[in-house]
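Numbered per the numbering used here, the sequence shown finishes at 240, counting up by one with no gaps. Below: one structure, written as structure tokens.
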Amino acid sequence: MHTVEIEHTADGSATLFVKEMDEHYHSVKGALTESNHIFRDSAFLYRADGSPLRLLEVGFGTDLNAAVTAMVADENHPVHYISLEKYPVQGEILSQLGYEELVDEGLLHKIHAAPWDVPVEIFPGFVLEKRQCDYTRDPLPEGIDVVYFDAFAPEKQPDMWTEGAFERLVGAMSRGAVLTTYCSKGEIRRRLESLGLRVERIPGPPGGKREILRATRL
Ligand SMILES: C[S@@+](CC[C@H](N)C(=O)[O-])C[C@H]1O[C@@H](n2cnc3c(N)ncnc32)[C@H](O)[C@@H]1O
23 MHTVEIEHTA DGSATLFVKE MDEHYHSVKG ALTESNHIFR DSAFLYRADG
73 SPLRLLEVGF GTDLNAAVTA MVADENHPVH YISLEKYPVQ GEILSQLGYE
123 ELVDEGLLHK IHAAPWDVPV EIFPGFVLEK RQCDYTRDPL PEGIDVVYFD
173 AFAPEKQPDM WTEGAFERLV GAMSRGAVLT TYCSKGEIRR RLESLGLRVE
223 RIPGPPGGKR EILRATRL
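What follows is the structure in structure tokens.
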């Protein structure tokens, strides 16, 4: 379990800071901007073609990525959103983040209230499955079309970014699946390429990192 503190990022949205790791849950340049650009737009909406998609998030955290994705999912963009989390954030902290000002309050409440380890239909077109597990050890779901790779940074948590861990993840991805991550390091890009993914450097969020990575399983 991490000890966390609430902080505000440059776009006004809140994030959590983990003191013992000296690491934030989102970019300090803008948590909401990062979620919208790197994950919702560059992965989910980029891949969405109207067919039911299976999405895997590595690191559920505050649920911001889940909430912004739910805001654009519907019966025309249906998604089964599976999110892995080893250390769920306490409800008391989630309720102080102010995310009800960014996304629909009723929706946010349903996401918070959804029980762990079972799929829950939040509304038609959006099934949420929060799994409390260890990404580095526990079995991964199969047939994944979209990956939000949102682990803490490689220098803070290297075991999430190893070649072996990525090999398992690629094994869970279907052909044509896309993965995005905020990390644009050459070392990580080469690791993904060595596993047969096509990796692009695409522009980062406004006011944030210059480049991010999007990888496609061919
Ligand atoms: C960068 S934060 C994720 C932010 C999140 N996507 C959000 O929208 O708030 C990384 C997350 O990975 C989780 N985590 C750390 N180690 C993990 C592991 N071995 N398995 C699953 N989740 C892990 C952390 O607890 C943290 O919530």
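Positions of the beta carbon are idealized from the N, C-alpha and C atoms, including for glycine.
DSSP places Glu107 in the uninterrupted beta strand (DSSP E) bounded by Val101 to Glu107.
Judged by the Cβ position, Thr31 fails to qualify as a neighbour of ligand 1 at the 7 Å threshold, every heavy atom of the ligand being at least this far.
Straight-line measurement puts the Cα of Arg232 at about 16 Å from the Cα of Ala32. Here the distance from the Cβ of His24 to the nearest heavy atom of ligand 1 is below 7 Å.
Assignment of Leu54 by DSSP, reduced to helix, strand and coil, places it in the helix class. In this structure, ligand 1 has a non-hydrogen atom nearer than 7 Å to the beta-carbon of Leu106. In the three-state reduction of the DSSP assignment, Ser64 falls in the helix class, which pools H, G and I. Of all C-beta pairs linking the segment 52-63 to the segment 96-106, fewer than three are shorter than 8 Å, placing the two stretches out of contact. Contact between the segment 170-186 and the segment 199-218 is present: 3 or more CB-CB pairs across the two stretches fall below 8 Å. Contact check for Thr238 against Arg213 fails: the beta carbons are separated by 8 Å or more. For Ser196, the enclosing beta strand (DSSP E) begins and ends at Met195 to Thr203. In the three-state reduction of the DSSP assignment, Val192 falls in the helix class, which pools H, G and I.
Spatial neighbours of Lys178 in its own chain (CB-CB distance under 8 Å, excluding positions within 5 residues in sequence) are listed in chain order as Met43, Asp44 and Glu45.
Rounded to whole angstroms, the gap between the alpha carbons of Glu97 and Met182 is 33 Å.
The bridge partners DSSP lists for Phe39 are Glu27 and His46.
DSSP places Asp156 in the coil class of the three-state scheme, outside both helix and strand. In this structure, DSSP gives Leu77 an extended state, which the three-state scheme calls strand.
For Tyr109, the CB falls within less than 7 Å of some heavy atom of ligand 1. In terms of Cα proximity to Glu114, the closest of Ala187, His134 and Asp126 is His134. Close CB contacts of Val142 within its chain, under the 6 Å cut and outside five residues either way in sequence, are with Ala136 and Leu150 (chain order). When C-alpha distances from Pro225 are compared across Gly83, Ala70, Gly208 and Leu235, the shortest belongs to Leu235.
With respect to the C-alpha of Ser216, the residue from Arg76, Gly147 and Phe188 having the closest C-alpha is Phe188.
One Cα belongs to Phe148, the other to Ile210, and the distance between them is close to 31 Å.
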